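Only one structure is covered here, and it is reproduced in the block below.
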Ligand code: 9D3
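Residue numbers (the working numbering): 1169 to 1397.
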């Protein structure tokens, strides 16, 4: 997969893209990334990318020119099919099902807004999926783009080690994690459940299923019924 990010703040992606699963996936060739600053496509002396809203009101609005120019520039670098994603608070709320769909695409072009918002013609003039990551206010689309990239890249073949994908068995899918423990057996008086030290693999598996179900029922009952109308 190829991921292009269009942003006014490319530098905030650098460490993220080099670290952890995403960094490993890039090193392994599962994904390539390219950062483009649409300020580089500003036309004026001050390299401006935003302007005052027609009709008045507070704040600034991202202008069409640099966004369309940057988009055309990056898209011309590769002629294959691509999926555009506009990160916006008005978008569809990101779900794991949407993440799985995006992970099947050969190329994603992510467009991050900032300031008070986009000129509406960016939204209407670009054939893009509009995605939000949830009902809270961010100051820009960058953290949302990183969330999306993280969630998508870990689904790409070869991005995770075998041990991690094995955990995604049919039972645990859609449930919260069971509690996990490692050494020491006792820490500040807190002990590890006996069953995990028993060596009885069937008993351990049953306990984990029970714990995952109990936890999900207690904390996220909505997950148990996910998919129902
Ligand atoms: C000025 C009024 N704001 C409404 C509360 C508009 C606004 C525009 C742009 C608010 C936030 C932003 C910046 N946020 C994003 O670009 C964004 C976002 C978010 O804020 N929450 C969840 N998902 C996303 S995806 C992009």
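Think of the CB as a built atom: it goes at the ideal place given N, C-alpha and C, for glycine as much as any other residue.
These figures come from a predicted structure and were not determined experimentally.
- Take the alpha-carbon of residue 1289 and the one of residue 1179: they are about 27 Å apart.
- Secondary structure of residue 1243 (DSSP, three-state): helix.
- Taking residue 1220 as the centre and dropping the five residues before and after it, the same chain places the C-beta of 1228 closer than 7 Å to its C-beta, in chain order.
- The alpha-carbon separation between residue 1241 and residue 1231 amounts to approximately 17 Å.
- For residue 1172, the enclosing beta strand (DSSP E) begins and ends at 1170 to 1175.
- The Cβ neighbour count for residue 1370, taken over all protein chains shown within 10 Å, is under 16; the residue is labelled exposed.
- The beta carbon of residue 1366 sits closer than 6 Å to none of the beta carbons in its chain outside the five residues before and after it.
- As the crow flies, the alpha-carbon of residue 1353 is around 50 Å from that of residue 1252.
- The C-beta distance from residue 1235 to residue 1171 rounds to 18 Å, too long to meet the 8 Å contact threshold.
- The Cβ atoms of residue 1380 and residue 1323 do not sit closer than 7 Å to each other.
- Annotated three-state conformation of residue 1217 is coil, per DSSP.
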